[in-house]
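Participant: Could you have a look at this structure, given as structure tokens, before my questions?
In our numbering, the protein residues as written are 634 to 789.
Below you can see the structure in the form of structure tokens.
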């Protein structure tokens, strides 16, 4: 299934920027921590230790601040400058997650922006490229979550 081209309407970003960022950040770091040592090798992520990361979902007004440490990913609450900022729209993050688009294509078409320490951006890109997404989907399907079978039947 191909994701249609879309951008969330402007009011989403204005409202999203005013909402607490902790709930979506907790969802993100929880998801990342669930993949540690299963899909994301902890040793490959070592260069991220102590680095401030900012994931922006531009059309949703989200700015998710987090870091990586010995106990995994955790949210950040300070306003210090991030070491790496990754910005894209909701649609482009979905395209990455569903392997419809690769980071290089989005980066060179200026739909995925990386600012800060470029070596960290390259590490994140290479780590995402190395993830066995089919294995992840198979594990999720095995959990038999309510409604999951409909998603997998549609190829999500």
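Yeah, the Cβ is synthetic: ideal placement off N, Cα and C, and Gly gets one too. Just so you know, these numbers come straight off a predicted model, no measurement behind them.
Would you identify the three-state DSSP class for residue 679, choosing helix, strand or coil?
Facilitator: Correct three-state label for residue 679: helix.
Participant: With a threshold of 7 Å on Cβ separation, who are the neighbours of residue 675 within its own chain once the five nearest residues in sequence on each side are excluded?
Facilitator: Counting only Cβ-Cβ distances below 7 Å, and skipping sequence neighbours, we find 669.
Participant: Helix, strand or coil, according to DSSP, for residue 758 in the structure here?
Facilitator: Note: residue 758 maps to helix in three-state DSSP.
Participant: Once the 5 residues before and after residue 691 are set aside, which same chain residues still bring their CB inside 6 Å of it?
Facilitator: Excluding positions up to five away in sequence, the list reads 720 and 722.
Participant: Suppose contacts are defined by Cβ-Cβ distances below 9 Å. Is residue 687 in contact with residue 717 by that definition?
Facilitator: Yes; because the gap between Cβ atoms is below 9 Å, this pair is in contact.
Participant: Residue range of the beta strand (DSSP E) that residue 644 falls in?
Facilitator: Per DSSP, residue 644 belongs to no beta strand (DSSP E); it is in the alpha helix (DSSP H), 643–651.
Participant: To the nearest angstrom, how far is the alpha carbon of residue 724 from that of residue 715?
Facilitator: Between residue 724 and residue 715, the C-alpha separation is close to 23 Å.
Participant: Kindly indicate the opening and closing residues of the beta strand (DSSP E) around residue 718.
Facilitator: Run containing residue 718: 717–721, per the beta strand (DSSP E) assignment.
Participant: State the Cα-Cα distance for the pair residue 645 and residue 693, rounded to the nearest angstrom.
Facilitator: So the two alpha carbons sit approximately 5 Å from each other.
Participant: Taking 7 Å as the limit between beta carbons, can you name the residues of its chain near residue 733, skipping five residues before and five after?
Facilitator: Excluding residues within five positions, the ones whose Cβ falls inside 7 Å are 635 and 636.
Participant: Which value, in whole angstroms, describes the spacing of the CA atoms of residue 642 and residue 697?
Facilitator: Roughly 20 Å separates the two Cα atoms.
Participant: Any idea if residue 658 is buried or exposed, counting beta-carbon neighbours within 10 angstroms, 16 or more meaning buried?
Facilitator: Buried is the call here.
Participant: Let's test the definition: count the other Cβ atoms within 10 Å of the Cβ of residue 685 and tell me whether it reaches 16, buried, or not, exposed.
Facilitator: Buried, by the Cβ-count rule.
Participant: Determine the closest residue to residue 750 out of 655, 654, 681 and 704, with distance taken between C-alpha atoms.
Facilitator: When each option's Cα is compared against that of residue 750, the closest is 681.
Participant: Is it buried or exposed for residue 706, if we count other Cβ within 10 angstroms and need 16 for buried?
Facilitator: The residue is buried, with at least 16 neighbouring Cβ atoms inside 10 Å.
Participant: My assumption, with CB atoms under 8 Å, is that residue 667 sits in contact with residue 708. Please give the rounded CB distance.
Facilitator: Actually they do not touch by this definition, with Cβ atoms about 15 Å apart.
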